[in-house]
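Worksheet for the structure shown next.
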Amino acid sequence: MKLIKRDPAAIISRTSGINRRTFLKGSGIAAGGAAFMSLLPTAMIEKADAAESRQPTYDEGEISKVHSVCSHCSVGCGVVAEVQNGVWIGQEPSFEHPFNLGSHCAKGASLREHGHGDKRLKYPMKKVNGEWQRMSWEDAIEEIGQKMLDIREAAGPDSVYWLGSAKFSNEQAYLFRKFAALWGSNNVDHQARICHSTTVAGVANTWGYGAMTNSYNDIHNSKAIFIIGANPAEAHPVSLQHIFRGKERGAPIIVVDPRFTRTAAHADQFIRIRSGSDIPFIWGMLWHIFQNGWEDKSFIEQRVYGMDEIRAEVANWTPEKVENISGAKEADVYQAAKTMAEHRPGTVIWCMGITQHTVGNSNTRALCILQLALGNMGVSGGGTNIFRGHDNVQGATDFGVVSNSLPGYYGLAEEAWQHWARVWDVDLDWIKNRFDQRTYEEIDGKKISPMYTNGITVSRWIDGVLEDKANIDQNDAIKAMVLWGHAPNSQTRGPEMKAAMEKLEMLVIVDPYPTVSAVMNDRTDGVYLLPATTQFETHGSLTSSNRSVQWRFKIIEPLFESLPDHTIMYKFAKKFSFENELCKNIQVTGEEPTIEDITREYNRGMWAVGYTGQTPERLKLQVENLHTFNKTTLRAEGGPCDGEFYGLPWPCWGTAEMKHPGTHIMYDTSVPVAEGGGAFRARFGVEHNGENLLAENSWSADSEIEDGYPEVSAEMIKELGWWDDLTASEKAEADGKNWKTDLSGGIQRVAIKHGLSPAGNAKARAIVWQFPDPVPIHREPLYTNRRDLVEKYPTYEDRRSFYRLPTRYGSIQAQDFSKDFPLIMTSGRLVEYEGGGDETRSNPWLAELQQDMFIEINPADANDAGIKNGEQVWVDGPEGGSIKVMAMVTERVERGVVFMPFHFGGHYQGESLRDKYPDGTDPHVLGESCNVVFTYGYDSVTAMQETKVSLCRVRAA
Amino acid sequence: MARMKFLCDAERCIECNACVTACKNEHEVPWGINRRRVVTIDDGIPGEKSISVACMHCSDAPCAAVCPVDCFYTTDDGVVLHDKDICIGCGYCFYACPFGAPQYPQEGAFGARGKMDKCTFCAGGPEEDNSAIEVEKYGRNRLAEGKLPLCAEMCSTKALIAGDGDIVADLFRSRVVRRGGRPDNWGWETAYKD
Amino acid sequence: MKLLSLMFAALLLSACYEDTDVTLHKAGVYKGSEDKHAMSAEERADVLKQRFNQVQTDR
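Chains as they are written, first to last, in this note's numbering: chain U, 250 to 1206; chain H, 34 to 227; chain P, 7 to 65.
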């Protein structure tokens, strides 16, 4: 080392930029943010409890590259895994993948940790006298299965609850729903209930299908980007790549949220609103749109029903009223409306900030109405880009892992059962006999049995256990609970959940990790843990948020004694003696049903959604030709997939032989249906109150009917004189059927041949007459801080039976909690973790970045409570739960509002539960679950939990 | 000749930490060592900006200048690397570095510092390329495989760019033009004076 | 004790002051072992440029 005096001129340039001093100063400020841990000197960072093993990477042995898809969020990022000697040794970017172009977020970039799996559940276990004991798979299936059969005998099939997962592949999701049906119960559900069920219900009831209408990539073409109740920078980081592409091409970004999120940091306009005031805000925007004549009049005339009723309601929402209720100022609301009006087509993006409310279904419909008014539907750059949560929550929803429908949104009516019994090739009477034959509910004066009634939802399973059985519309309460790939800490009312878990006769957890379910209760017996594999240890398809179906190849063999979910389903089916019905047309190797056969089976039945053209062969061919797909249009340009959209996004009509390319942009009339065009679905009849519900003067390109038309049936094909376009064998199958039930696909083929959309060509409806609020109206949350608004904007009345359970609304809102619990409490995601967090908190690369459960609190509230940044505080909920978490004092939340992430678990009301995990399976990071203090409150249509607005109190610990 | 540089486009960085975990993943970096980290300023208030920071592989690297055992060298493509065999873990380079890049694993009793560890631009160290010993000491050598640093290759929004300074600047310039002139190439003035 | 903490505080504060007239150093000669590569610098530049265009560009 030589010391030399150097030219002082160089120093000047140094001080003008950011130098070390300002850098360190910056790091001090960042101590309030998520980066704070990584900035501490190494000595202050907690040591991981597991010894890091560094593997020599470049051994002998050929390295193979395997294509898969990230299993965290719904963007569906492509993954390239390098495998050597069966070990996942490297992860390379998948540059050619159309969704992520090689990119990942923190979670995606750390996927390879799945190949180590140190913290995984390693073999089947049960709790005996308070101790975890290892057991064999055979004993486990035998014991659990026998207990279930006993419960079935004594209490009926509805007393076993089958909670499935958005982490299943499409094939596993489909098989799981079929499994539940053959068990004989609709008590089956999954995460969609608590993430986007209100979207699915609200959006599908507006224009036919409840899914993202365009795609992440299509946001490149948006002229404005309106994000409300969503924080994609943390929840869907790779989507920001597409959002920024739109932004850099000139699209302004508007973010509306109670919090100044990491997404808001990149917005051109940020508007803060009070949690639970979304409808007043949206109507406030529409007020300006109508006032200034910015609505798309010809679009409304041609393709929207009921806008006049909306107009009448919106007229009430003057700027003063909007500001009073939502807090948004007139100038800001006007500006947002003007931006959307002047930059068309604009896209609307939402997530859980919109859905998780007692008025969630109305919120989602209000946003659809906003886009309809602006004429932004069915066009590239527009649409409702609803970002789904888990990697396959779209697929699991489509395949009906829900208590209110069979696969494909066919519902639970007799016709739906007939359809699926035909696809399954199982005698319908046999299935009927699997169900409880008694009746508990009455619909339109008709008594109906549980086979045809909505099952209990995941948001309410605890009430299915705790409620007096006389009040439950089934034979008995839930006695056995199966949490199959579902964290418990994502559901509200923690203390009651603990009580419910303890009251059960048996608790079964099927998961790669023990999950919080294994530790949050004080059971000493009757808890079973069954190790399932992750999606990297099996193969199959999944459906990303934009409806694209992608194929995953197996990266590694199952770790430890874990088994793929479909194998476990088969094992149970065998114990219950319906394995032959479950796999009648599915080849079984050993005990593993063949994935491709399952795909082919649902291809034969999913006509209503257009999941019929995505055969394993077509999906696999696309993976081999990723580079041929355009990164904006998602369309293959040349190559063997020429003309197809990536992932054959549903609807991909007809049989695979028809070679339908999939539908990138839904309801787009500028393109023929055969090339991915469409129209609003004719789902709600042809007229209502004497008014035409079919489209007027609007049809998709090349349609031979140049007007609206209903959904296509054999009858209609005959009337149109096209019957002889069907082949003889198609005719035999199609006669008397319609586009949803004709298993030959002939009806769809002929309709499309003549340019028709099989689902019809109708208007979208702005009013949903079957819903509690046909026109979306504002209702205050159950736990509101604005008592002055309750009288004018009350919630619903209590219900005697809703998804089989008594459900409270008004009786809770009648009580004033706002004095004792003055802070509005909301929740959300962190980029490092996902869902209940058991998987991600067990990954050291992620866990190191977020080591403490925290609560964001405004400096004013912190000072009032005598709390300093970084201190432990107690958060008390109005229903009795209390959690101890770290205070993060920040202006990210406004005065009177607190925010908590929901990924933590493993602490309960101040106590660490680390000792209760089976040895070596405790996640690196534990923390309190915010849902211990989150409260009652369920959407009026889907029973979605109200986790985006409640009340709490914060005090120093 | 190429001159390797990092550029973090602060307009695009969303603090998703992909760069951090990509680095951990690629090099099996142990808990407590952060070759790369994301710094957020004005956290939670308008003006919030995040920047991903690691060794910037400076021209005239200050770390090399203060090193008492002269363990630093600069490769032909401008990557600043060091030889862990002669590093004594004194910590001078940490104080000299304008980006706080050098890290020191805890080793042995009394908190004695181990050898310095830092971002290698995925270019390993002076051992034979991608030999087991190089991988163990420095992590993988992607440059030797014709690949660029994984943090940049996996960046969620392509905010972090790595490569030859000229083409990095070209790409960034085209983005700035498209945006209407808002350059935000944080740290370049400090790191690359030439 | 009070005095001590004051002195400590003064020390901390002084660390916040940046003197622009600093002594800079020039690196010595590298004393470690030589880093050899299979590819020449030119070859590497070429390969990495190709990689860059494949990976980092906005498509």
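Glycine included, C-beta positions come from ideal geometry on N, C-alpha and C.
Source: prediction; values computed, not measured.
- Contacts with chain P (Cβ-Cβ distance below 8 Å) from the region 343 to 377 of chain U involve F344, L350, G351, listed in chain order.
- For G743(U), the uninterrupted alpha helix (DSSP H) run begins and ends at 743 to 752, by DSSP.
- When 7 Å is used as the limit between beta carbons, A514(U) is near these residues of chain H: E81, in chain order.
- Residues of chain U with a Cβ closer than 9 Å to the Cβ of V61(P) are, in chain order, P342, F344, L350, G351.
- Taking every protein chain shown into account, the CB of D203(H) has fewer than 16 other CB atoms within 10 angstroms, so this residue is exposed.
- Every beta strand (DSSP E) of 3 residues or more that sits fully in the region 1043 to 1108 of chain U is shown, in chain order, as 1048 to 1051, 1054 to 1056, 1072 to 1077, 1103 to 1106.
- Within the region 183 to 216 of chain H, contact with chain U at the beta-carbon level (separation under 8 Å) is assigned to L183, E186, M187, C188, S189, T190, K191, R208, R211, R212.
- Cβ-Cβ distances below 8 Å link P1127(U) to Y1032, F1066, D1069, F1070, T1184, S1199, L1200, C1201 in the same chain, with the five nearest sequence neighbours on each side left out; the list follows chain order.
- Under the three-pair Cβ rule at 8 Å, the region 749 to 757 of chain U counts as touching the region 771 to 779 of chain U.
- M34(H) counts as exposed, since fewer than 16 other beta carbons sit within 10 angstroms of its beta carbon.
- Secondary structure at M45(P): coil, using DSSP grouped into helix, strand and coil.
- In summary, D956(U) is exposed, with fewer than 16 beta-carbon neighbours lying within 10 Å of its beta-carbon over all protein chains present.
- Under the 10 Å beta carbon count, K356(U) is surrounded by 16 or more other beta carbons and is classified as buried.
- At least 9 Å separates the CB of T223(H) from every CB of chain P.
- Contact of Y106(H) with chain P by beta-carbon distance below 8 Å involves Y36, G38, D41.
- By the 16-neighbour rule on beta-carbons within 10 angstroms, F809(U) is exposed.
- For H1156(U), there is no enclosing alpha helix (DSSP H); the residue is found in the beta strand (DSSP E) stretching over 1155 to 1157.
- Contact of D116(H) with chain U by beta-carbon distance below 9 Å is absent, the smallest such distance being about 15 Å.
- Taking every protein chain shown into account, the CB of N795(U) has 16 or more other CB atoms within 10 angstroms, so this residue is buried.
- Here I711(U) carries a helix assignment [DSSP, helix/strand/coil].
- The alpha carbon of I844(U) has as its nearest neighbour, out of P807(U), P813(U), L715(U), R671(U), the alpha carbon of P813(U).
- Listed along the chain, the chain H residues whose CB falls inside 8 Å of the CB of A482(U) are I47, E48, C49.
- By the CB criterion at 9 Å, S575(U) and F530(U) fall inside the cutoff.
- Think of a sphere of 8 Å around the beta carbon of A134(H): no beta carbon from chain P falls inside it, the nearest being about 16 Å out.
- For the region 419 to 489 of chain U, the full-length alpha helix (DSSP H) segments reaching 4 residues or more read 419 to 432, 441 to 444, 446 to 456, 481 to 484 along the chain.
- By a beta-carbon distance limit of 8 Å, G335(U) does not contact F344(U). Their separation comes to about 26 Å.
- Ranked by Cα distance from G478(U), the options H445(U), A500(U), D467(U) are led by H445(U).
- Between L183(H) and D110(H), the gap from beta carbon to beta carbon reaches 9 Å or more.
- Taking all protein chains in view, the Cβ of G839(U) is surrounded by fewer than 16 other Cβ atoms within 10 Å, so the residue is classified as exposed.
- In this chain, the beta strand (DSSP E) harbouring D42(H) covers 37 to 42.
- Under the Cβ distance rule, I119(H) does not count among the residues neighbouring chain U, no pair being separated by less than 9 Å.
- One thing to note: Y36(P) has its Cβ no nearer than 9 Å to the Cβ of D197(H).
- In the displayed model, N573(U) falls within a helix according to three-state DSSP.
- Taking a beta-carbon distance threshold of 9 Å, G65(H) counts as an interface residue toward chain U.
- Per the coordinates, the alpha-carbon of L616(U) lies some 11 Å from the alpha-carbon of T604(U).
- From the beta-carbon of T54(H), the residues of chain U found nearer than 7 Å are A355, A358, S359, W1094, L1095.
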